[in-house]
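Notes for the one structure printed next.
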Amino acid sequence: MDIGVLTVPLGGKSLEDAMAYLHGIGVDAVELGCGGHPGDSHLPREEYLNDDEAQNHLFDLLDEYEMRISALATHNNPLHPDEEIAEEADTELREAIELADQLDVNTVTCFSGLPAGSPNDETPNWVTAPWPGEHADAHDYQWEEVAIPYWSDLASHAADHGVDIAIEMHPNMLVYEPSGMARLREETNEHVGANFDPSHLYWQGIDVTDAIRFLGERDAIHHFHAKDTKVYDAEARTKGVLDTTPYDEEADRSWLFRSVGYGHGEEHWKDVVSTLRMVGYDGALSIEHEDSLTSSNEGLEKAVNLLQRAVFREQPGEAYWA
1 MDIGVLTVPL GGKSLEDAMA YLHGIGVDAV ELGCGGHPGD SHLPREEYLN DDEAQNHLFD
61 LLDEYEMRIS ALATHNNPLH PDEEIAEEAD TELREAIELA DQLDVNTVTC FSGLPAGSPN
121 DETPNWVTAP WPGEHADAHD YQWEEVAIPY WSDLASHAAD HGVDIAIEMH PNMLVYEPSG
181 MARLREETNE HVGANFDPSH LYWQGIDVTD AIRFLGERDA IHHFHAKDTK VYDAEARTKG
241 VLDTTPYDEE ADRSWLFRSV GYGHGEEHWK DVVSTLRMVG YDGALSIEHE DSLTSSNEGL
301 EKAVNLLQRA VFREQPGEAY WA
């Protein structure tokens, strides 16, 4: 495994300056945004797609700073009921897959998207309960009539380019937990899998190492985000964890995204890394900094420091004692 960083928090730096900084703190890989919510400040997709000169300059930077690209990132909603929004997200995804192929990057990270609850709705609808019955009907519509046809087609596009699609299980998206992730993979092909981000699972009460085993048994972990969450019981005891309080009103929220080690301790993160190894994951632990209680640089550096003690750099030796 190696330690990576999703470079969005360093968007104010040039790509070269960001790589130089990350190399200096011991980072091995970068995940580069090329559209959607991550933006494209470090990899403007349209400038690099089909451009050998731009791509060769990128390769030179990677060589200079001893980096690799773990994934290209474009998080948006290709299932949106607004056709213009959906088409833009679809173009971003398809072109990201094509660019990944050209850059010899084997993974694109993204969201599953979220449809409306019926063909006549104008707003995406996150269904979290089967009752009243119209909610179950809406959920069936979202899967059977929108998500499965779309993702089956996109999975074929990914297969044509030899690129894996790594979907982040994210609330307010159709796929937000492991069983939904497994279902989408079963309905499409093996190029569809998870960008396993534990931060969205912690506050849902999902056991992260069990979830790693569940998806790992299905060979369904294509990428991993190193990001933590802390549930604050003082708020959660009265409002629960479905919290609409703004993220920057930290003291009033029932949970917050935290830097690695500030939601769960080092022992837990070593268990996470060990479980990833057990299920055969040997890719990047890509740090995603979204901790509002610290600066980007400090949050990244503390996360790197912890993961350097947790990560395995070598292949396992022979079990001579067995």
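Numbering (the UniProt record's numbering) for the sequence shown: 1 to 322.
Note that the Cβ used here is the ideal one computed from N, Cα and C, for glycine as well.
If you measure between the beta carbons of residue i and residue j, is that distance less than 7 Å?
{"i": "I3", "j": "V304", "result": "yes"}
{"i": "T229", "j": "F196", "result": "no"}
{"i": "M67", "j": "V30", "result": "yes"}
{"i": "H157", "j": "F111", "result": "no"}
{"i": "A155", "j": "N106", "result": "no"}
{"i": "C34", "j": "L22", "result": "no"}
{"i": "residue 365", "j": "V279", "result": "Only positions 1 to 322 of the chain appear in the structure, and residue 365 is not among them; the question remains open."}
{"i": "V175", "j": "R185", "result": "no"}
{"i": "S70", "j": "A226", "result": "no"}
{"i": "F214", "j": "M1", "result": "no"}
{"i": "K302", "j": "S254", "result": "no"}
{"i": "G261", "j": "L306", "result": "yes"}
{"i": "A220", "j": "A236", "result": "no"}
{"i": "E187", "j": "I148", "result": "yes"}
Go ahead and label residue i buried or exposed: buried means 16 or more other beta carbons lie within 10 angstroms of its beta carbon, across all protein chains shown.
{"i": "N50", "result": "exposed"}
{"i": "L242", "result": "exposed"}
{"i": "P119", "result": "exposed"}
{"i": "W151", "result": "buried"}
{"i": "A251", "result": "exposed"}
{"i": "Y281", "result": "buried"}
{"i": "N56", "result": "exposed"}
{"i": "G113", "result": "buried"}
{"i": "A322", "result": "exposed"}
{"i": "E308", "result": "It should be noted that the sequence gives Gln, not Glu, for residue 308. Result: exposed."}
{"i": "W126", "result": "exposed"}
{"i": "S199", "result": "buried"}
{"i": "E144", "result": "exposed"}
{"i": "L72", "result": "buried"}
{"i": "G263", "result": "buried"}
{"i": "A166", "result": "buried"}
{"i": "P246", "result": "exposed"}
{"i": "A89", "result": "buried"}
{"i": "A319", "result": "exposed"}
{"i": "P316", "result": "exposed"}
Which residues does DSSP list as the beta-bridge partners of residue i?
{"i": "F214", "result": "F214 pairs with nothing; no bridge assigned."}
{"i": "L6", "result": "E31"}
{"i": "W255", "result": "V231"}
{"i": "L285", "result": "I3, F224"}
{"i": "N106", "result": "DSSP lists no partner for N106."}
{"i": "G36", "result": "H75"}
{"i": "R68", "result": "A29"}
{"i": "E168", "result": "N195"}
Using alpha carbons as the reference points, say which of the options lies closest to residue i.
{"i": "V27", "options": "L300, Q315, E314", "result": "L300"}
{"i": "D17", "options": "H37, S41, C34", "result": "S41"}
{"i": "D60", "options": "L79, L15, E145", "result": "L15"}
{"i": "P38", "options": "N77, L58, Y65, G24", "result": "N77"}
{"i": "E53", "options": "Q102, E87, L10", "result": "Q102"}
{"i": "L79", "options": "P115, K13, D207, L32", "result": "P115"}
{"i": "K270", "options": "G240, E92, A236, T209", "result": "T209"}
{"i": "A314", "options": "E235, R277, S295, R237", "result": "A small fix is needed here, since residue 314 is Glu in this sequence, not Ala. The shortest C-alpha separation from E314 is found at R277."}
{"i": "E92", "options": "T238, L58, E64, G36", "result": "G36"}
{"i": "H222", "options": "D90, E64, M169, E83", "result": "M169"}
{"i": "E64", "options": "D248, G24, P171, G240", "result": "G24"}
{"i": "M173", "options": "D137, D153, E87, T128", "result": "T128"}
{"i": "D207", "options": "E83, N297, T275, T244", "result": "T275"}
{"i": "G265", "options": "A138, P171, Q142, A310", "result": "A310"}
{"i": "P124", "options": "D140, D82, D104", "result": "D82"}
{"i": "P171", "options": "D153, D104, T244", "result": "T244"}
Between residue i and chain B, is the shortest Cβ-Cβ distance under 7 Å, so that the two count as touching?
{"i": "A155", "result": "Structure shown: chain B not included; a single protein chain is present."}
Note to self: Taking contact to mean 3 or more Cβ pairs, one atom from each stretch, closer than 8 Å, check whether the region 157-166 and the region 177-184 are in contact.
What the structure shows: No: fewer than three Cβ pairs fall under 8 Å.
Note to self: With three or more beta-carbon pairs closer than 8 Å as the criterion, would you say the region 96-110 touches the region 131-142?
What the structure shows: With the cut-off at 8 Å, the region 96-110 and the region 131-142 do not touch.
Notebook entry, point to check: Is the number of C-beta pairs between the region 107-127 and the region 45-62 that are closer than 8 Å three or more?
Noted result: In short, these stretches do not touch, since the Cβ pair count stays below three.
Notebook entry, point to check: Does the count of Cβ pairs from the region 277-296 and the region 2-18 closer than 8 Å reach three?
Noted result: The answer is yes - the region 2-18 touches the region 277-296, with three or more Cβ pairs under 8 Å.
Next item on the list: Give a yes or no on contact between the region 188-204 and the region 221-236, applying the rule of three or more CB pairs nearer than 8 Å.
Entry: Yes: the two stretches touch, three or more of their Cβ pairs being nearer than 8 Å.
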